[in-house]
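J.:
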């Protein structure tokens, strides 16, 4: 009997909940997402279930929207856009893409399938993130360090003097974290650095979207959880966007969504803590 009970607790690889904690099926996520024009798909970068569902939704989005579908990636930085675009156009083989760009360690398992799908179907992929060296510069020195950058470089990122709503809970949490960091570690601008990434990703989503577009953006969950981060900047610039948010969480027991995760996104993928990781 004990063995049967143990099996019952581990018979699912994931559970899907709505924002209120009600169990829903994938078809509910699909219907809601495809009825809008933008999806912020928040992931744990090493979670195989999230990456699988990202690919499933991308396929479904293509089936409905065809070449109006656009894909955006936190995992590619703006200075990589030209190389990425040329690869999608067939200008050179995948090996050169891998040799030319700073690809994430889990690219092969988690993002290459999406990029190859886009290449096969002639879809635009957008490198939405700011270059990591400039995110690091913001983290260490703040906005004033950007005053000496050329206008051409500044085009590859959000305006360094972008607005930050420091009352947002996600940014409040970062501010609290920073307050406990030793001064020797630097990084007193952690909040600004996080918001800089959010604002930059929003900028390049909006720059590439057209009125007929359906856009799926893949990003770390923290960048869009609780309808904040990227979403805040998107809606500030374009309040009529119809955005669906997806997040990822892990729990020991996935049969009931824990209170802290309620309201995290329109749909929450709940994965067992014991789930294998992609890297």
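In this note's numbering, the protein residues as written are 43 to 321. Where is the CB? At the ideal position from N, CA and C, for every residue including glycine.
(1) Roughly how many angstroms lie between the CA atoms of residue 217 and residue 75, to the nearest whole one?
(2) On the three-state DSSP scale, how would you describe residue 55?
(3) For residue 289, which residues does DSSP report across the bridge?
(4) Rounded to the nearest angstrom, what separates residue 90 and residue 297 at their Cα positions?
(5) Can you give me the start and stop residues for the beta strand (DSSP E) that residue 170 sits inside?
(6) Using a Cβ-Cβ cutoff of less than 6 Å, which residues in the same chain neighbour residue 255 once the five nearest sequence positions on both sides are dropped?
(7) Return the CA-CA distance between residue 92 and residue 189, expressed in angstroms with no decimal places.
(8) When the Cα of residue 233 is compared with those of 196, 290, 99, 265, which residue comes out closest?
(9) Taking only three categories from DSSP, how would you classify residue 317?
(10) In chain order, which beta strand (DSSP E) runs of at least 3 residues are fully inside the region 51-125?
(11) According to DSSP, which residues form a beta bridge with residue 271?
(12) Does DSSP put residue 261 in a helix, a strand or coil?
(13) Using the Cβ count rule (16 or more neighbours within 10 Å means buried), how would you classify residue 243?
(14) Can you check whether the CB of residue 53 is closer than 8 Å to the CB of residue 72?
(15) Quick one: what's got a C-beta closer than 6 Å to residue 50's C-beta in the same chain, skipping five residues either side?
(16) Closer than 8 Å is the cut-off here; do at least three beta carbon pairs connect the region 262-279 with the region 288-302?
(17) Would residue 126 and residue 258 qualify as a contact pair, given that the criterion is a beta-carbon distance under 8 Å?
(18) For residue 168, which residues of its own chain have a beta-carbon under 6 Å away from its beta-carbon, when the five flanking residues on both sides are left out?
(19) Out of 277, 153, 185, 199, which has the shortest C-alpha to C-alpha gap to residue 330?
(20) In chain order, what residues of the same chain have a beta carbon less than 6 Å from the beta carbon of residue 204, not counting five sequence neighbours either side?
(21) With a threshold of 8 Å, are at least 3 pairs of Cβ atoms found where one atom belongs to the region 182-202 and the other to the region 154-162?
(22) For residue 129, which residues in the same chain have their Cβ closer than 6 Å to its Cβ, ignoring the five residues on either side in sequence?
(23) Hey, quick one: how far does the alpha helix (DSSP H) through residue 138 stretch, first residue to last?
T.: Put simply:
(1) Within the chain shown, residue 217 is the residue found at index 175, counting from 1. Within the chain shown, residue 75 is the residue found at index 33, counting from 1. Distance between the alpha carbons of residue 217 and residue 75: 32 Å.
(2) Looking up residue 55 in the chain shown gives position 13. In the structure shown, residue 55 sits in coil (DSSP, three-state: anything other than H, G, I, E or B).
(3) Start at 1 with the first residue of the chain shown, and residue 289 comes out as number 247. Bridge partners of residue 289: 310.
(4) Stepping through the chain shown from its first residue, residue 90 is reached at position 48. Stepping through the chain shown from its first residue, residue 297 is reached at position 255. CA-CA distance, residue 90 to residue 297, rounds to 19 Å.
(5) Locating residue 170 in the chain shown gives position 128, where the first residue counts as 1. It spans 166-171 - the beta strand (DSSP E) in which residue 170 sits, taken as one unbroken run.
(6) Indexing the chain shown from 1 puts residue 255 at position 213. Excluding sequence neighbours, residue 255 sits near 110, 112.
(7) Within the chain shown, the letter at position 50 stands for residue 92. Within the chain shown, the letter at position 147 stands for residue 189. Distance from the CA of residue 92 to the CA of residue 189, rounded to the nearest whole angstrom, comes to 39 Å.
(8) The count along the chain shown starts at 1 and reaches residue 233 at position 191. For residue 233, the nearest C-alpha among the options comes from 265.
(9) By one-based count along the chain shown, residue 317 stands at place 275. Residue state, collapsed to three classes: coil.
(10) Listed in chain order, the complete beta strand (DSSP E) runs (minimum 3 residues) inside the region 51-125 are 57-60, 80-85, 111-119.
(11) To locate residue 271, count along the chain shown from 1; it is residue 229. Partner(s): none; residue 271 has no beta bridge.
(12) Taking the chain shown and counting its residues from 1, the one referred to as residue 261 is at position 219. In this structure, DSSP gives residue 261 an extended state, which the three-state scheme calls strand.
(13) Position 201 of the chain shown, counted from the first residue, corresponds to residue 243. Burial call: buried.
(14) Residue mapping note: residue 72 aligns to position 30 of the chain shown, counting from 1. Residue mapping note: residue 53 aligns to position 11 of the chain shown, counting from 1. The Cβ atoms of residue 72 and residue 53 do not sit closer than 8 Å to each other.
(15) In the chain shown, the residue the question calls residue 50 occupies position 8. With a pLDDT of 47 at residue 50, under the threshold of 50, the predicted position of this residue should be treated as unreliable, and no value is reported.
(16) In this structure the region 262-279 touches the region 288-302; the number of beta carbon pairs closer than 8 Å is three or more.
(17) Numbered from its first residue, the chain shown carries residue 126 at position 84. Numbered from its first residue, the chain shown carries residue 258 at position 216. No, Cβ-Cβ distance for residue 126 and residue 258 is not below 8 Å.
(18) Here the question's residue 168 lines up with position 126 in the chain shown. For residue 168, where only same-chain residues beyond five positions count, the Cβ hits under 6 Å are 114, 246, 250.
(19) Residue 330 lies beyond the range of the chain shown here (43 to 321); nothing can be said about it.
(20) Position 162 of the chain shown, counted from the first residue, corresponds to residue 204. If we look at residue 204 and ignore the five residues flanking it on each side, its Cβ neighbours are 241.
(21) Here the region 182-202 does not lie against the region 154-162, with fewer than 3 beta-carbon pairs under 8 Å apart.
(22) Start at 1 with the first residue of the chain shown, and residue 129 comes out as number 87. Annotation for residue 129: 139 place their beta carbon closer than 6 Å to its own, counting only its chain and skipping 5 residues before and after.
(23) Within the chain shown, numbered from 1, the residue matching residue 138 stands at position 96. Segment 136-142, the alpha helix (DSSP H) holding residue 138.
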